Structure formats: C-alpha cells, structure tokens
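Enquirer:
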Amino acid sequence: MAIKLDIATYPGNIINNQFVPTPQTRSSINPATGENLFEVPIARKEDLDVAVAGAKTAFKSWSKTPFSERAKLLLDYADAIEANQQELALLLTMEQGKPLSLSNNEIERSLTWLRAFATMELRDEILQDDAEKTVYSTYPALGVCAGIVPWNWPILLGVGKLGPALITGNTFIMKPSPYTPYCNLKLGELAMHVFPPGVVQVLSGNDDLGPWITEHPSIDKIAFTGSTATGKLVAASCAKTLKRYVLELGGNDAAIVCEDVDIDACVPKLAMLSFLNSGQICMLAKRIYVHERIYDTFRDKMVAFTKSTIKTGSGMEEGVVVGPIQNKMYEKVKGLYAQIEKQGWKTALAGSAQDSASGGYFITPAIIDNPPEDSSIVTDEPFGPIVPLLKWSDEIDVIERANASKAGLGASVWSRDVKRAERMARQLEAGSVWVNSHFDVDPKIPFGGHKESGIGMEWGIEGLKHYTNSRSLWVWK
Ligand code: NAD
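Each position in the sequence shown, counted from 1, maps to that position plus 245 in my numbering.
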C-alpha cells in the first residue's frame, strides 16, 4: 500500500485497525519555516481505554502465535515501510527538521532493526537437568506494552520499541511526541494493513496522554525514551500499579581524546558526532576532553572543519548537516548561547542564535574553548549544536571528570594505543562505551543508560527480555 502526504487533517488515531477520529485536533509545526502542519487527533481517555481493551483482546491470540508467524509479519511490516520510504523521509524532514539524508538513514536503520528483531527468538534456557527434574527459565510475554516516543528519532525509536514488543508476543500502543505525531501515525497506518486488529495501535494526543498511559491499570509495561526529568515522572507513575518500565533518558557523553591520536582522522568524526541532528541526539559527544599536548591543534582543526563542512539550513537543502532546532528547545538553546557572554566563556567558534527571516529555528554551531568544569555547558545536556572542549593531562583525573556527571548514557576514548584506551574505557560509567568511535548502535547490541540516563536496556536479547517475565519452570519427572 502507498501512503499519501497531501491531507490537511489526519483521519484519526489507529485503534483496532481503524481510523478513529477525535472531536478535537491539533497540529505540530515545520521547524524550518514555523508553519503549521497537518491536523492530528487529540486522544481522549476513552479512546485510550478502547485501545487498551483491543490490545488486551488481541494479546490472547498474538501471544500464542508462533514465533515464525510473528517474524513473518514483522518482515512484511518492514517491506511496507520500505515501499513508502520516500514519503516517510520527506515527512520526517518536514516535521522533525533533520536533513533529508539523515531522514533516509533513520528509515533505513528502522528497516535493519525490524529485520533483525524478526530473527531474535527468546528460547527457554535449561538451568538444571537430572534424573528427577528439569528446570527451565521461560520468557512469557507481559501483555499490553506502551511505547512513549520522543521527537528526535520518532521512526527509529518507535519501531525500536514496536519490534521487540511484538516479536516477544506482546501487543503494542505507541504514543508519539506531540512535536512529531504524524510520522508515528503513518507507522500505525502502515501497520493496519499487516497485523491483526489490536496488535499495533497509535494514539496521538496532548500532554495528558502520557500520564494516562503510565497510570493505566491494564497496561503492563512502559518503554519510555525522553528526558531524565520526564523519566522520573514515568517511574513514579508506574510505581502505582507496579508496571514494568524501561527508561532511555538524557545523556551528557564524554569523549576523551588522547595525545597520540591521528588528529586529522579524529577531528571530522568528533565534529560530526557533536553536531549531527543539530546536537539533538541523546548520545552525541557532549563534552570533549582533549589532551593538553594536542589541545590547540585539535581545537583549531575542529573549528576549521566545522566552518568549512558543517552547513546549517533547511533539511530539504543539499549538504545541510545542522537543520533547525525542532521545537521550543530553540529558546533553551538560545538561552545557552546567551550564557556565553554572561559567563565569560571563551569561544573557539562563536556560532549564532539569531532569529531567522524564514521563521525557522536555526542555530549555527558553537565550540566553547576550555570552560570551567562546573559551567552549565559542561554539566548540562545542551541538546543543540554547541559543544565544550576541555583540557586534560592526567589519566586518572580525566576519568574522574568524565564520570562526575549524573548522566551515564555513552562515553568514548580515542587513542592509537588500543590497549590503553580499552583500559580507560572499562572505567567509564556509561551504558555504551566505545574505543575510537562514538554512537555506534545495533539492534542486536543492548543499549541503555547508567545512573540518571536510564533503567533497563533496549535491543539485543537483553532488551527483548525486558518485554517478558522471567518464569522458572520446575518439571519433576
Ligand atoms: P520528553 O521527556 O519531553 O518527552 C518524551 C515523551 O514523553 C514525549 O512523547 C512526551 O509527550 C512524553 N511525556 C511528557 N510528559 C510525560 C509524562 N508526565 N508522562 C508520560 N509521558 C510524558 O523528551 P523529548 O524532549 O521528547 O526528548 C529529548 C530528550 O530525550 C533528551 O533529554 C534526550 O537525551 C532524550 N533521549 C534519550 C534517548 C535514549 O535512548 N536514552 C534517545 C533519544 C532522546
């Protein structure tokens, strides 16, 4: 089936494989122009109740559907998304702001993720087997799972929850961010033609929809990606019904650059890994610690590379890396730029946060030159195209500084001496740690945060287990 983008009002939420309109609608904006986009539904509590009831009914047969059939439908779903890649990529750029090439990359990754999940079967494990008994670990599905999705990677992070939920036998309700509802509704529309009613449903709503979901007594698990502040609210709300939850939250990743790196090879990678998606990725290099022996050269080369290669503009323009800031975060990021002068931070690259004539939320990259360790540009997640470079000289000290953050999502060490880098990497407090890289992700590798960056893991067999109960089954012969 082919989806269409030329509709001013979306026909409804996707509930039990039907479009269910709502009395009220709302719209998000195109962040490159400030213009309103399509009208989308505002779900009421009763819409959620109908969806949850449908998901509960569907769970009875979906949880008993053999793995091979569930896998086949996930593959069919990936094919349906692929057949609509062009329209989805345009929509993603229009709604989210990211460059079209990155939108295509997000969709291609989503296909890879879905196709990988379709191969990942959670099998029983035999814990003891003797003449008298066999004891197994088995992994029954939880029931109705809800995915609460952020606006920065709405398609990948949407299917990154949908796939594991479905392949382990759960039914799934997706709640988009109010900033990017349309992409996720389209995912629901495509799912209508693949899965039985109630297996995949998508509800767009206002700010009250998230809390209704986390409180709902018949939802069994929340898979949440978003800010640490909201994650804490989600955990508190889930506690009321002892719902399971996995939280993927904010990050403030340190990248430690040693004195022996190939600077020319390292600079373009770290510059891209600071400014990709306008800095609006949980797991970018957000604090770059550069050894003092190479600090000045590294800084100057990073500034030169950023000026020459990292173009800011509309996501529809060829060669753009930094698209508009997606939403009201624009004011927050502008506030951070205003701090540069107020706090007396030195800039290696000043950046600009002026309102553009087009009405778009454009901000050009800034590089802050060795600010104090306790300044907000070092301690807080900026979620914009601004990054501090910091000097270090002592290995133990830099590891302590990297670990001083309450966040613990990702971290990296860059060195030609791989043994030394690995030794340092093993001391970093983060859910993903890379040597000579940053932000590698894979559907078969667990992904999650330490400390205030999250609880539990997504993806990999470990992530799939979070969509199940662990049941010990004792069989006496
Ligand atoms: P957010 O916390 O504002 O919103 C995330 C989602 O939660 C949205 O769908 C929102 O509508 C919903 N929500 C808001 N209040 C809620 C409540 N009280 N109960 C339930 N749901 C509620 O985050 P955001 O601004 O959309 O995303 C940016 C943040 O997400 C950044 O901090 C970023 O680091 C983080 N993030 C983390 C990961 C990760 O995998 N760890 C990935 C992407 C983004």
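Beta carbons are placed, not taken as given, at the ideal position from N, Cα and C, and that holds for glycine. Given the structure is predicted, the values throughout are model-derived calculations rather than measurements.
#1: What does DSSP give as the partner residues of residue 284 in its beta bridges?
#2: Under 7 Å between the Cβ atoms of residue 416 and residue 389?
#3: Between residue 419 and residue 403, which are expected to be in contact by the criterion C-beta below 8 Å, what is the C-beta distance as a whole number of angstroms?
#4: Just the C-alpha distance for residue 571 and residue 497, rounded to the nearest angstrom, thanks.
#5: Please report the residue range of the beta strand (DSSP E) in which residue 333 lies.
#6: Anyone know if the C-beta pair for residue 367 and residue 709 falls short of 7 Å?
#7: Do residue 277 and residue 725 count as a contact pair if the criterion is CB distance below 7 Å?
#8: Please state the DSSP three-state secondary structure of residue 584.
#9: What are the start and end residues of the alpha helix (DSSP H) that includes residue 540?
#10: Restricting to Cα atoms, I'd like to know which of 646, 270, 308 and 689 is closest to residue 441.
#11: Could you spell out where the alpha helix (DSSP H) holding residue 299 opens and where it closes?
#12: Counting along the chain, where does the alpha helix (DSSP H) carrying residue 427 start and finish?
#13: If you draw a straight line from the alpha carbon of residue 538 to that of residue 605, how long is it in whole angstroms?
#14: Can we count residue 396 as close to the ligand NAD, meaning its CB is less than 6 Å from some heavy atom?
#15: Rounded to whole angstroms, how far is the Cβ of residue 476 from the Cβ of residue 494, which I believe are closer than 8 Å?
#16: Taking 7 Å as the threshold (beta carbon to beta carbon), is residue 576 in contact with chain C?
#17: Is the Cβ-Cβ distance between residue 524 and residue 630 less than 7 Å?
#18: Going by alpha carbons, who is nearest to residue 513 out of 543, 492, 499 and 536?
#19: Output yes or no for whether 7 Å exceeds the beta carbon distance between residue 287 and residue 281.
#20: For residue 390, does the three-state DSSP call read helix, strand or coil?
#21: On the DSSP letters alone, give me the boundaries of the alpha helix (DSSP H) that residue 347 sits inside.
#22: Measuring CB to CB, does residue 699 end up less than 7 Å from residue 478?
#23: Apart from the five residues just before and just after residue 351, which ones in its own chain have a Cβ nearer than 7 Å to its Cβ?
#24: Quick one: does the C-beta of residue 511 sit closer than 6 Å to a heavy atom of the ligand NAD?
#25: Rounded to whole angstroms, what's the CA-CA distance from residue 653 to residue 645? Just pull it up for me.
#26: Could you give the first and the last residue of the continuous alpha helix (DSSP H) run that contains residue 671?
#27: Over the uninterrupted beta strand (DSSP E) stretch that includes residue 621, give me the two end residues.
#28: Rounded to whole angstroms, what is the Cα-Cα separation between residue 651 and residue 673?
#29: Leaving out five residues on either side along the sequence, give the residues of the same chain with a beta carbon under 7 Å from the beta carbon of residue 383.
#30: Can you give me the Cβ contacts of residue 666 inside the same chain, cut-off strictly under 8 Å, excluding the 5 residues immediately before and after it?
#31: Which residues share a DSSP beta bridge with residue 264?
#32: Could you give the first and the last residue of the continuous beta strand (DSSP E) run that contains residue 417?
#33: Exposed or buried, residue 510, counting other C-beta atoms within 10 Å across all chains shown (16 or more means buried)?
Expert: In short, the structure shows the following:
#1: 254 and 272
#2: yes
#3: The pair is a contact, with the Cβ atoms about 6 Å apart (cut-off 8 Å).
#4: For residue 571 and residue 497, the distance between alpha carbons rounds to 19 Å.
#5: Here residue 333 belongs to no beta strand (DSSP E); instead the alpha helix (DSSP H) covers 330–341.
#6: yes
#7: No information on residue 725 is available, as it lies outside the stretch 246 to 722 that the chain covers here.
#8: When secondary structure is reduced to three states using DSSP, residue 584 falls in the helix class.
#9: 540–554
#10: 308
#11: 290–307
#12: That run of the alpha helix (DSSP H) goes 426–437.
#13: Going from the Cα of residue 538 to the Cα of residue 605 covers about 40 Å.
#14: yes
#15: 4 Å
#16: The structure shown contains no chain C; it holds only a single protein chain.
#17: yes
#18: 543
#19: no
#20: strand
#21: 345–362
#22: no
#23: Cβ neighbours of residue 351 beyond the five flanking positions: 337, 398, 400 and 401.
#24: no
#25: Straight-line Cα distance between these residues: approximately 13 Å.
#26: Careful: residue 671 lies outside any alpha helix (DSSP H) and carries neither H nor E.
#27: Here residue 621 belongs to no beta strand (DSSP E); instead the alpha helix (DSSP H) covers 621–624.
#28: 12 Å
#29: Contacts found: 369, 716 and 718.
#30: 503, 658, 659, 660, 680 and 681
#31: 259
#32: According to the DSSP assignment, residue 417 belongs to the beta strand (DSSP E) that extends over 416–420.
#33: exposed
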